[in-house]
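> For what it's worth, the UniProt record's numbering labels the leading residue of the sequence shown as 1, then goes sequentially.
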Amino acid sequence: MEGGEPRRQEEHVAADDVAGRRALHRRGFQLEGRLRQARRTEHGWVDELVYGRLADDPVGPEASTWVMNSITPRKRLIAHALVQDVAGLVLLCETSFKGDWEFPGGLVEPGESPREACTREMVEEMGFAPALGGVLVVDWLRPYKGWEDAVELVFATTVVSAELKQSLAPDGSEIVALHWLDPQQAGERMTPFGAARLHSALAAAREGATWYTEAGIRQL
């Protein structure tokens, strides 16, 4: 309490209580989290939503954008790069946490541009980032093994010289090895949709175009 007013107010509501959620939205409460199957109702166990409002939060019409930002869907955004050497071999990263291999790059942080994220991730992963070109593929990823759906961008890059290849090294933590493979070999080490995304990126590069794909398959 500061000056007799609560600094923070918190409310919990069942995820299926549409009227209750709307009432909190009108009062300027922002969605802060979800407690899985934390409330028992006549329909069984349901998730419980946690809402909060601070004393200095916007009020009136201005509050609506803050509320809507907290309740509208958010998708993961992934920024990867198609990196090739002068012979056309494709660079894949072998990670320490899963069996399939993937393009260099990674998750885009909140407030970070995809281009900045891709460059940052490559520097972290292998100590260097080739210059990025345009986007080759915009791919929608279906939910997979606990991940919700996401959007992945695959950037073109400058060709990596033989000398530069020799200087690249995995970080040894998240990335345990770097592999240069022909496209067919590369696809065999990726998930099926990762392989499809690879071949779409290569085709888009040949066309000088940007492809929209879903699970790696071009959508026309």
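Here a beta-carbon is modelled for each residue, glycine too, at the ideal position from N, C-alpha and C.
How far does the alpha helix (DSSP H) with Leu91 in it reach, from first residue to last?
First-last for Leu91: 90-95, but that is the beta strand (DSSP E), not the alpha helix (DSSP H).
> Going by DSSP, what residue range makes up the alpha helix (DSSP H) through Trp66?
63-71
> Just to confirm the assignment: which complete alpha helix (DSSP H) runs, minimum length 4, are found wholly within the segment 93-131?
114-126
> Quick check on DSSP: helix, strand or coil for residue 275?
Nothing can be reported for residue 275, as the shown portion of the chain is limited to 1 through 220.
> With distances taken from CA atoms, which of His80, Asn69, Leu202 is nearest Ala129?
His80
> Give me the Cα-Cα distance between Thr65 and Thr72, rounded to the nearest whole angstrom.
10 Å
> Are His12 and Val50 closer than 7 Å when you measure CB to CB?
If you check the CB distance, His12 and Val50 come in under 7 Å.
> Using beta-carbon positions only, say whether Asp149 and Leu136 come within less than 7 Å of one another.
No, the Cβ-Cβ distance between Asp149 and Leu136 is not below 7 Å.
> Check whether the Cβ atoms of Leu31 and Glu48 lie closer than 7 Å to each other.
No; because the gap between Cβ atoms is not below 7 Å, this pair is not in contact.
> When DSSP labels each residue in this structure, what does Gly44 get in the three-state scheme?
strand
> Tell me which residues share the same chain as Leu132 and place their Cβ nearer than 8 Å to its Cβ, disregarding the 5 neighbours each side in the sequence.
The residues are Ala81, Arg115, Cys118, Thr119, Phe155, Ala156, Thr157.
> Nearest CA to the CA of Gly216: which residue from Val151, Leu181, Asp85?
Val151
> From Lys75 to Pro110, what does the alpha carbon distance come to, in whole angstroms?
11 Å
> In the DSSP assignment, the beta strand (DSSP E) including Glu214 goes from what residue to what residue?
211-214
> Would you kindly work out how many angstroms separate the C-alpha atoms of Gly88 and Glu112, rounded to a whole number?
Near 30 Å, if we compare the C-alpha coordinates of Glu112 and Gly88.
> Expressed to the nearest angstrom, what Euclidean distance is found between the alpha-carbon atoms of Ala169 and His179?
10 Å
> Does DSSP classify Leu220 as helix, strand or coil?
coil
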